[in-house]
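Written below as structure tokens is the structure these notes are about.
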Amino acid sequence: MLDLILWALTEFVMAPVNIVTALLNPSSWLDWSNPEALARFMYYGASVELFFALFFIFSVITIVGFFKREFLWGCVRVQEAFANAIGRTAAWVGLLMVLQQVMIVFLQRIFRVPDISFGPLGITFTQDLSWWAEELKLYNAIIVTLCVTYTFVQGGHVRVDLVYSAVKFRTKKVLDMLGAMFFMLPVVTLTYMYAWFFMWRHLVVPNPSASGTLDRMLMQSRALRWNVETIGFSPNGFNAYFLFKVLIVAYCVLVFLQAWSMFWRSYLEWKEGEASENKYLDRDYLGDEAEELEHAIHSGTT
28 MLDLILWALT
38 EFVMAPVNIV
48 TALLNPSSWL
58 DWSNPEALAR
68 FMYYGASVEL
78 FFALFFIFSV
88 ITIVGFFKRE
98 FLWGCVRVQE
108 AFANAIGRTA
118 AWVGLLMVLQ
128 QVMIVFLQRI
138 FRVPDISFGP
148 LGITFTQDLS
158 WWAEELKLYN
168 AIIVTLCVTY
178 TFVQGGHVRV
188 DLVYSAVKFR
198 TKKVLDMLGA
208 MFFMLPVVTL
218 TYMYAWFFMW
228 RHLVVPNPSA
238 SGTLDRMLMQ
248 SRALRWNVET
258 IGFSPNGFNA
268 YFLFKVLIVA
278 YCVLVFLQAW
288 SMFWRSYLEW
298 KEGEASENKY
308 LDRDYLGDEA
318 EELEHAIHSG
328 TT
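Just so we're aligned, residue 28 is where the sequence shown starts under the working numbering, counting upward by one.
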């Protein structure tokens, strides 16, 4: 147990050194034309060093926020604005999905067209109708993964309420802080660790291993090359399933940041009392009181 504590303290103390080193030497991990830099990026992207670097940044922001609440409110507003911007943009994919589905039905059932050509800026992209039909799954995945934190900020997530509604305001905020720290962060961190190497195994060869050391990955980098997955479930079907793996990683990053924001907002509202509830919160409104009330009931916000 003592060894574990000493190891964690050592990694935490070394975190600022690792951050500065990475920032001063971006070419060592961002120059993907160099296989060794790509190997470092893959290794450090789900490493202990990255975990403690993020933990150090979170700790510094939180401690500063304890003394300067407006600074912490600013961090919350920036993160929630980022989540809203990503979600509101990705939500338009739903309209694109509907329009594309209608177009596929008309072209296939009425005009008997075998393929669709799309040629913006004079560059023609032609695929079989089955390719475009299977691509609709990608649109659905974009909405699920990129709108998740937007939905959270908007209060549209499903809440399983056992005791939450019956406790006092400050107790709710304590529960929210505990939920962010002991449920959201651990689960999304574990998911990210699996998703990171799952994604890269469909982008490069030889396949990176989650248990591989940096030295081993640098040695393998001599044979490292891009091998982006282009296999579909049907001969003429959608063949860019590697994008789904990228979206899983993006989902984890968004939820990870949202957990930070949830902890900070819950702390600030706990500290400032009920008057600060939903302070600076940028929520969309439906314009209909009955629908707003129904939304609040289903989301557990009333």
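From the three backbone atoms N, C-alpha and C, an ideal C-beta is built for every residue, glycine too.
Distance between residue j and residue i (C-alpha atoms, nearest Å)
i, j, result
"Leu51", "Leu212", "28 Å"
"Gln106", "Thr89", "14 Å"
"Met226", "Cys279", "12 Å"
"Ala118", "Leu274", "15 Å"
"Leu81", "Thr216", "11 Å"
"Ile84", "Gln154", "46 Å"
"Pro62", "Leu122", "40 Å"
"Asn266", "Gly259", "4 Å"
"Ile170", "Asp30", "44 Å"
"Val201", "Phe98", "21 Å"
"Asn45", "Val140", "57 Å"
"Val129", "Ile137", "11 Å"
"Ala193", "Gly92", "29 Å"
"Glu304", "Phe209", "22 Å"
"Arg310", "Arg96", "22 Å"
"Leu245", "Leu251", "9 Å"
"Ala277", "Asp142", "31 Å"
"Arg249", "Arg104", "44 Å"
Cβ shell of residue i (< 7 Å), same chain only, five flanking positions each side left out
i, result
"Ser157", "Ser261, Asn263 and Gly264"
"Gln127", "Trp159 and Leu163"
"Glu38", "Val75 and Phe79"
"Thr151", "Ser144"
Own chain partners of residue i with C-beta closer than 8 Å, once the 5 adjacent residues on each side are dropped
i, result
"Ala110", "Thr176, Tyr177, Phe179, Val180, Leu281, Leu284, Gln285 and Ser288"
"Ala73", "Tyr219, Met220, Trp223, Phe224 and Ala237"
"Leu308", "Glu107 and Val180"
"Asn254", "Leu230, Val231 and Val232"
Residue i and residue j closer than 7 Å at C-beta
i, j, result
"Met124", "Leu148", "no"
"Arg243", "Asn234", "no"
"Ser55", "Ala66", "no"
"Ile113", "Leu173", "yes"
"Trp297", "Arg197", "yes"
Close Cβ partners of residue i (< 6 Å) along its chain, the five nearest in sequence each way excluded
i, result
"Leu241", "Tyr70"
"Phe271", "Ala168"
"Ser293", "Lys200, Asp203 and Met204"
"His184", "Thr178"
Nearest-angstrom Cβ-Cβ length linking residue i and residue j, presumed shorter than 8 Å
i, j, result
"Trp100", "Leu295", "6 Å"
What runs of the beta strand (DSSP E), each 3 residues or longer, lie entirely inside the region 89-166?
Along the length of the region 89-166, whole beta strand (DSSP E) runs at least 3 residues long occupy 142-145 and 152-155, reported in chain order.
Segments of 4+ residues assigned as alpha helix (DSSP H) that fall wholly inside the region 209-241
Counting only runs of 4 or more, we get 212-227.
Length at least 4, wholly inside the region 232-313: the alpha helix (DSSP H) runs in chain order
Runs of the alpha helix (DSSP H) inside the region 232-313: 241-247 and 269-299.
What are the complete alpha helix (DSSP H) segments, minimum 4 residues, inside the region 166-190?
Whole alpha helix (DSSP H) segments, 4+ residues: 175-180.
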